[in-house]
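Engineer: In my numbering, the protein residues as written are 1 to 271. Just so it is clear, CB atoms sit at the ideal spot from N, CA and C, and this is done for glycine as well.
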Ligand code: KIV
């Protein structure tokens, strides 16, 4: 099955080799030391320190409020936990859209202060200069097209993107541009499966999908969603591998009861 399982450190070159050899890339988010250690030990290829931390860690409605300092805090916690995975960090809203100098400064801060291996930016042709400038500093860049949550107030909803021909054509054009300027991979979020498969077959760099079907080179999910920690988020594309909300809640209820009943600690659990 997996031919790259034995790789000690996943690099952007390993991901490219996986695409070339037809092996799918696995990617999940993580934001803290303890869960990142489990994710890495389980053999994930890429850990994304996503700005979805704004939602699942901080409880914000959108990804817009999270700051560069907060992303660096999450990224450095993850980096301390991992041995094998490639760690990619989202540049947060407002840290790269202003101008390319601003984008480079933000990317350098992430790499220097967290020890991450790459950054991810949302957008295509509009942020071409920023991506190019970051790349010239030797920082690997992952692109992100389709549903780009930092633009939620422009889109108005989190529904599927690029269903219309014009938006689909722009997405294909942007994907080709990102490849041409030197991105090492692209995330495609919530777009029709046929369009995602077309992009993955027309560009040579890895295409990682979320809500983009199986015809791409890898898959990414938000860790808290796939573990069922967040039981209010149930989009069609999400497969839940656990129901940790219930399991954690039951464990805590049991603990509360044991404390109230003076059942915990027992004789063996004290000095
Ligand atoms: O921030 C994030 O978690 C992401 C994924 C949804 C790809 O960008």
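Check whether the stretch 154-170 touches the stretch 79-92, counting contact only when three or more Cβ pairs, one atom from each stretch, lie closer than 8 Å.
Structural biologist: Result no; under three Cβ-Cβ pairs closer than 8 Å.
Engineer: So, are the CB atoms of residue 52 and residue 222 less than 7 Å apart?
Structural biologist: It is a contact, given that the beta carbons lie within the stated cut-off.
Engineer: For the beta strand (DSSP E) holding residue 112, just list the boundary residues, first then last.
Structural biologist: No beta strand (DSSP E) holds residue 112; the alpha helix (DSSP H) holding it covers 100-114.
Engineer: Taking only runs that begin and end inside the stretch 17-45, name each unbroken alpha helix (DSSP H) of 4 or more residues, in chain order.
Structural biologist: For the stretch 17-45, whole alpha helix (DSSP H) runs of length 4 or above, ordered along the chain, are 33-41.
Engineer: Say the cut is 6 Å; is the CB of residue 32 nearer than that to a heavy atom of the ligand KIV?
Structural biologist: Residue 32 Cβ: outside cutoff for every heavy atom of the ligand KIV.
Engineer: Measure the C-alpha to C-alpha separation of residue 211 and residue 266 and round it to an integer number of angstroms.
Structural biologist: One C-alpha to the other measures close to 49 Å.
Engineer: Do residue 31 and residue 60 have their C-beta atoms within less than 7 Å of each other?
Structural biologist: Not closer than 7 Å, so no.
Engineer: What is the DSSP secondary structure of residue 244, reduced to helix, strand or coil?
Structural biologist: The answer is helix: DSSP assigns residue 244 an H, G or I state.
Engineer: Hey, how far is the Cα of residue 244 from the Cα of residue 70?
Structural biologist: Cα-Cα distance, rounded: 25 Å.
Engineer: Apart from the five residues on each side of it in sequence, which residues of its chain come closer than 7 Å, Cβ to Cβ, to residue 217?
Structural biologist: Counting only Cβ-Cβ distances below 7 Å, and skipping sequence neighbours, we find 19, 24, 25, 200, 206, 207 and 208.
Engineer: With residue 172 as the anchor, note down where its beta strand (DSSP E) starts and where it stops.
Structural biologist: From DSSP, residue 172 is part of no beta strand (DSSP E) but of the alpha helix (DSSP H) over 165-181.
Engineer: Pick from 214, 28 and 98: whose alpha carbon is nearest that of residue 192?
Structural biologist: Checking every option, the nearest Cα to that of residue 192 belongs to 214.
Engineer: Please state whether the Cβ-Cβ distance between residue 120 and residue 90 is less than 7 Å.
Structural biologist: Contact flag set, yes.
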